[in-house]
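Number of protein chains: 2
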Amino acid sequence: MPTLKDLKHNPLYIFGYISGYIDGEGCFSVSFSKRKKIKIGWETKPSLSVSQNEDRAQILYLMREIFGCGFLRRDYSDKTLKYEIRSLNDLTNKVIPFFDKYPLISKKKKEFEKFRKICFLMMNGKHLTKNGFKRITKIAFEMNPSGKRKYSLKEILKSLR
Amino acid sequence: MPTLKDLKHNPLYIFGYISGYIDGEGCFSVSFSKRKKIKIGWETKPSLSVSQNEDRAQILYLMREIFGCGFLRRDYSDKTLKYEIRSLNDLTNKVIPFFDKYPLISKKKKEFEKFRKICFLMMNGKHLTKNGFKRITKIAFEMNPSGKRKYSLKEILKSLR
Numbered sequence: 147m148p149t150l151k152d153l154k155h156n157p158l159y160i161f162g163y164i165s166g167y168i169d170g171e172g173c174f175s176v177s178f179s180k181r182k183k184i185k186i187g188w189e190t191k192p193s194l195s196v197s198q199n200e201d202r203a204q205i206l207y208l209m210r211e212i213f214g215c216g217f218l219r220r221d222y223s224d225k226t227l228k229y230e231i232r233s234l235n236d237l238t239n240k241v242i243p244f245f246d247k248y249p250l251i252s253k254k255k256k257e258f259e260k261f262r263k264i265c266f267l268m269m270n271g272k273h274l275t276k277n278g279f280k281r282i283t284k285i286a287f288e289m290n291p292s293g294k295r296k297y298s299l300k301e302i303l304k305s306l307r
Numbered sequence: 147m148p149t150l151k152d153l154k155h156n157p158l159y160i161f162g163y164i165s166g167y168i169d170g171e172g173c174f175s176v177s178f179s180k181r182k183k184i185k186i187g188w189e190t191k192p193s194l195s196v197s198q199n200e201d202r203a204q205i206l207y208l209m210r211e212i213f214g215c216g217f218l219r220r221d222y223s224d225k226t227l228k229y230e231i232r233s234l235n236d237l238t239n240k241v242i243p244f245f246d247k248y249p250l251i252s253k254k255k256k257e258f259e260k261f262r263k264i265c266f267l268m269m270n271g272k273h274l275t276k277n278g279f280k281r282i283t284k285i286a287f288e289m290n291p292s293g294k295r296k297y298s299l300k301e302i303l304k305s306l307r
């Protein structure tokens with residue numbers, strides 16, 4: 147497994163490698179959870195996640211080393227290892243600048259751009275206001291249309307406080 | 147979608163991107179088919195394949211452009227597009243040198259090395275001799291152990307002419 151030492155020789159190759167890997171296997175998503183303690187009643191949760199079989203997880207460790215953030219956790223249901231970044235600060239300060247500099251090539255780039263927009267709205271506290279939150283949900287529901295969600299957009303907006 | 151024109155600025159990034167993408171989504175495999183016309187009764191078929199949803203297939207077109215070989219075909223069963231390289235000449239002259247120069251990082255590298263060994267044995271005609279073919283099947287069955295095969299190693303060796 148390559149280490150940061152190897153990267154000194156060939157960082158551009160490794161950065162391209164990570165972007166290509168995320169293009170295939172990564173998932174930018176924004177989910178919503180009911181939270182009584184939050185004024186509008188909903189928490190906005192952006193994340194970048196990547197799963198891999200445990201015996202091929204080298205690239206996940208490498209990503210954590212390069213991004214300098216996020217966590218690895220076992221998914222016992224399907225014997226995979228999952229690398230996740232959920233901190234808004236890490237997403238806006240480490241992950242988003244990485245993909246701005248080393249862009250995705252496929253249409254997943256559009257997902258990333260929506261994700262980016264939501265993270266920046268959140269950095270400005272928009273997810274805590276009714277109108278800002280509505281705008282965020284609208285963008286989020288345009289992302290990963292095939293992904294499963296616990297609540298529909300209608301349900302979320304209906305129960306907004 | 148980036149073109150070869152863009153590559154001139156940043157080839158190392160794009161090559162890394164492709165290796166990373168293949169690390170996640172690519173499959174090096176060697177399958178075997180019964181063939182009456184072949185003396186030993188079996189054909190050895192190496193391939194590199196990658197699938198992607200059609201709306202995110204840009205990277206497949208880019209790979210075909212960079213490797214300069216292979217075919218794209220629709221898989222109507224799951225609405226994906228598949229990029230495949232099956233020509234032994236293309237595999238040994240274009241694909242293998244690419245991954246020698248821009249290596250895989252995860253354990254998939256071991257799959258590639260077995261694949262590489264088989265392709266070179268085939269270039270030397272070993273798949274057409276009984277002993278060479280046996281050696282090849284042994285290596286091939288160590289690859290992608292989770293993949294499904296039509297014939298077991300036992301069945302193949304038993305019906306060897």
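Residue numbers (the numbering used here), protein chains in the order written: chain A, 147 to 307; chain B, 147 to 307. Quick reminder that beta carbons are idealized off the backbone N, C-alpha and C, glycines included.
Partners in chain B for A:Gly214, counting only beta-carbon separations shorter than 8 Å: Those do not exist, as A:Gly214 stays about 18 Å from chain B at its closest Cβ, beyond 8 Å.
B:Phe213 and B:Thr238 closer than 9 Å at C-beta: no
Same chain only: Cβ atoms within 7 Å of B:Leu206, ignoring 5 sequence neighbours per side: Val196, Gln198, Leu218, Leu227, Tyr229
B:Asp221, DSSP secondary structure in three states: strand
Touch test, the stretch 156–176 of chain B against the stretch 155–167 of chain A, Cβ-Cβ under 8 Å, three pairs minimum: yes
Residues within the stretch 208–234 of chain A neighbouring chain B, beta-carbon criterion of under 7 Å: Leu208
In chain order, each alpha helix (DSSP H) run of at least 4 residues that lies wholly inside the stretch 194–264 of chain A: 204–213, 242–247
Near the ligand HEM: B:Leu306 beta-carbon under 8 Å from a heavy atom: The ligand HEM is not part of the structure shown, which contains no ligands of any sort.
Proximal residues, the stretch 186–200 of chain B versus chain A, C-beta separation under 7 Å: none
Sheet register partners of B:Glu301 (DSSP bridge): DSSP, once it has assigned bridges, lists no residue as partnering B:Glu301.
Where the stretch 159–175 of chain B meets chain A: residues whose CB sits under 9 Å from a CB there: Tyr159, Ile160, Phe161, Gly162, Tyr163, Ile164, Ser165, Gly166, Tyr167, Ile168, Asp169, Gly170, Glu171, Gly172
Residue from B:Lys182, B:Lys254, B:Arg220 whose Cα sits closest to the Cα of B:Ile168: B:Lys254
Collapsed DSSP secondary structure at B:Lys180 in the structure displayed: strand
A:Lys284 (DSSP reduced to helix, strand or coil): helix
Reduced DSSP secondary structure (H/G/I, E/B, other) of A:Gly278: helix
Run of the alpha helix (DSSP H) containing A:Ile186, from where it starts to where it stops: That residue, A:Ile186, is in no alpha helix (DSSP H); it is neither H nor E in DSSP.
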